[in-house]
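Trainee: Got a structure here, written out as structure tokens. Questions coming.
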Amino acid sequence: MPEPSKISGIKVALAVIPALLIVSICVALYLGANADQEEAKPLEGDITVPEMSDYLLKLNNLIGEREIGTEAGQKAFRRLNAMTAGTLGSENLGYEIFRNQIDSVNGLLWSTIWIKAGDRESREPVVLAIPQASRGSGPAFGFGFAEYLTSHQTEVGVRVVFYPPLFEGDLDDWIWERCGEEGESMKGFLMVTGDEEPNRSPRFLVPASLKGKIDALSKSKIWDEEAKIEIGDHGVLEVRLGDDSLFSREEHSQRLIRMMPVIKELVERLNE
Numbered sequence: 003m004p005e006p007s008k009i010s011g012i013k014v015a016l017a018v019i020p021a022l023l024i025v026s027i028c029v030a031l032y033l034g035a036n037a038d039q040e041e042a043k044p045l046e047g048d049i050t051v052p053e054m055s056d057y058l059l060k061l062n063n064l065i066g067e068r069e070i071g072t073e074a075g076q077k078a079f080r081r082l083n084a085m086t087a088g089t090l091g092s093e094n095l096g097y098e099i100f101r102n103q104i105d106s107v108n109g110l111l112w113s114t115i116w117i118k119a120g121d122r123e124s125r126e127p128v129v130l131a132i133p134q135a136s137r138g139s140g141p142a143f144g145f146g147f148a149e150y151l152t153s154h155q156t157e158v159g160v161r162v163v164f165y166p167p168l169f170e171g172d173l174d175d176w177i178w179e180r181c182g183e184e185g186e187s188m189k190g191f192l193m194v195t196g197d198e199e200p201n202r203s204p205r206f207l208v209p210a211s212l213k214g215k216i217d218a219l220s221k222s223k224i225w226d227e228e229a230k231i232e233i234g235d236h237g238v239l240e241v242r243l244g245d246d247s248l249f250s251r252e253e254h255s256q257r258l259i260r261m262m263p264v265i266k267e268l269v270e271r272l273n274e
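Counting from 1, position 214 in the sequence shown corresponds to residue 216 in my numbering; the numbering is continuous, with no gaps.
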């Protein structure tokens with residue numbers, strides 16, 4: 003016959019084990035929930051020349067030319083959209099991917115894709131718009147800049163938007179109709195693309211109303227002395243990054259990365 007002390011010990015163990023299991027489950031659920039929350043945040047990192055070179059290779063040589071009117075061009079848009087979501091999303095940089103498909107052409111829906119960087123809770127974001135039909139420099143810069151902002155923090159809300167060539171009217175209003183949310187207003191707008199004509203240096207096409215912000219930026223220590231400023235009757239502020247066909251991929255990648263602190267400061271000035 004078991005001793006009373008042993009019986010008491012068994013009873014205590016039987017009473018404690020379920021409680022320990024409950025505690026373990028609660029801890030696991032808590033850790034799992036926090037892990038999910040961590041995964042939803044952008045992963046800190048810094049863009050490198052090999053990464054940027056890989057983006058340019060894929061965009062200019064593998065994805066194909068993006069054209070609305072041809073089957074091959076339409077497939078290229080789908081490949082680009084998949085690359086955009088895959089590069090910026092949870093499996094890589096960790097951004098939440100937003101998508102709007104209200105535009106229909108040739109019987110197909112066309113996606114506008116964006117992420118929220120910097121202050122993701124901002125109700126007055128600055129929009130950085132990148133045409134999906136641009137040469138590789140535009141989308142590649144967008145991917146790299148999104149990664150750059152994970153390690154070079156800004157308090158400004160930045161909405162990086164990749165849009166199809168379907169806009170009508172004012173580009174900034176057209177894009178905001180797709181990526182803006184109720185109760186928000188757009189604080190500033192900037193388009194970044196590759197040049198459509200041979201040009202070795204970055205060019206800033208600046209509306210006259212923004213001359214003061216560009217003048218201040220051009221006096222900054224981070225300003226690229228090769229960059230050219232053209233102030234005039236431009237509909238939106240546009241930065242043309244230079245024709246990537248004039249350089250090796252490595253050289254052009256270095257040039258794009260050097261522009262990132264300039265664009266970051268420009269975004270912050272547009273927020274003022």
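Note that beta-carbon positions come from the ideal geometry of N, C-alpha and C, so glycine has one too.
Measuring only the C-alpha atoms, how far is I99 from D197?
Mentor: 27 Å
Trainee: So, do the stretch 248–260 and the stretch 206–222 have three or more beta carbon pairs nearer to each other than 8 Å?
Mentor: no
Trainee: Looking at T89 and I132, is the spacing between their C-beta atoms short of 8 Å?
Mentor: no
Trainee: What is the DSSP secondary structure of S26, reduced to helix, strand or coil?
Mentor: The pLDDT assigned to S26 is 42, lower than 50, so where the model puts this residue is not dependable; a value taken from the coordinates is nonetheless given after this. Here S26 sits in helix by DSSP.
Trainee: So, helix, strand or coil for N83, using DSSP?
Mentor: Helix, per DSSP.
Trainee: Check whether the stretch 224–238 touches the stretch 147–163, taking contact to mean three or more Cβ pairs, one atom from each stretch, closer than 8 Å.
Mentor: no
Trainee: Let me know if V163 comes out buried or exposed under the rule of 16 or more other beta-carbons within 10 Å of its beta-carbon.
Mentor: buried
Trainee: What is the C-beta distance between F191 and V269, in whole angstroms, given that I count them as a contact (C-beta under 8 Å)?
Mentor: Rounded, the Cβ-Cβ distance is 10 Å, inconsistent with contact.
Trainee: Quick one: is D48 buried, meaning 16 or more other Cβ sit within 10 Å of its Cβ, or exposed?
Mentor: exposed
Trainee: I27 to E93, Cα distance in whole Å?
Mentor: Low confidence applies to I27: its pLDDT is 35, below 50, so where it sits in the model is not reliable enough to give any reading.
Trainee: Could you please give the first and the last residue of the uninterrupted beta strand (DSSP E) stretch that includes E240?
Mentor: First-last of the beta strand (DSSP E) with E240: 240–242.
Trainee: Using the beta-carbon count (16 or more within 10 Å), is L272 buried or exposed?
Mentor: Burial call: buried.
Trainee: Taking a contact to mean a Cβ-Cβ separation below 8 Å, would you say M54 touches A142 in this structure?
Mentor: By the CB criterion at 8 Å, M54 and A142 fall inside the cutoff.
Trainee: How far does the beta strand (DSSP E) with W116 in it extend, from its first residue to its last?
Mentor: 110–120
Trainee: Between the C-alpha atoms of V158 and I117, what's the straight-line distance to the nearest angstrom?
Mentor: The alpha-carbon atoms of V158 and I117 are separated by roughly 14 Å.
Trainee: Would you kindly work out how many angstroms separate the C-alpha atoms of E228 and P263, rounded to a whole number?
Mentor: Distance between the alpha carbons of E228 and P263 is about 15 Å.
Trainee: Let me know if K213 comes out buried or exposed under the rule of 16 or more other beta-carbons within 10 Å of its beta-carbon.
Mentor: Looking at its Cβ environment, which holds fewer than 16 other Cβ atoms inside 10 Å, K213 is exposed.
Trainee: Where V160 and C181 are concerned, what is the direct C-alpha to C-alpha distance, given to the nearest angstrom?
Mentor: 12 Å
Trainee: Can you give me the C-alpha to C-alpha distance between S106 and W112, rounded to a whole angstrom?
Mentor: 6 Å
Trainee: Is the separation between the beta-carbon of E267 and that of S222 shorter than 8 Å?
Mentor: yes
Trainee: Would you mind giving the Cβ-Cβ distance between L78 and I65, rounded to the nearest angstrom? I have them listed as a contact below 8 Å.
Mentor: The question names Leu, but residue 78 is Ala in the sequence shown. Contact between A78 and I65 holds, with the beta-carbon distance rounding to 5 Å and staying under 8 Å.
Trainee: Quick check on this structure: which residue in M193, M188, P167 has the alpha carbon closest to the alpha carbon of E274?
Mentor: Closest by alpha carbon: M188.
Trainee: Taking the C-alpha atoms as reference points, what is the distance between Q39 and E123?
Mentor: In this prediction, Q39 has a pLDDT of 40, which is less than 50 and means its spatial position is unreliable; what the coordinates show is noted afterwards. Spanning the two alpha carbons is a distance of roughly 15 Å.
Trainee: Contact defined as beta carbons within less than 8 Å: I believe P204 pairs with L243. What is the distance between those atoms, to the nearest angstrom?
Mentor: 6 Å
Trainee: Mind checking whether T114 and N102 have CB atoms under 8 Å apart?
Mentor: Taking 8 Å as the cut-off, the Cβ atoms of T114 and N102 count as close.
Trainee: Run through the stretch 182–262 for me and flag every whole alpha helix (DSSP H) of 4 or more residues, listed as ranges in chain order.
Mentor: 213–220
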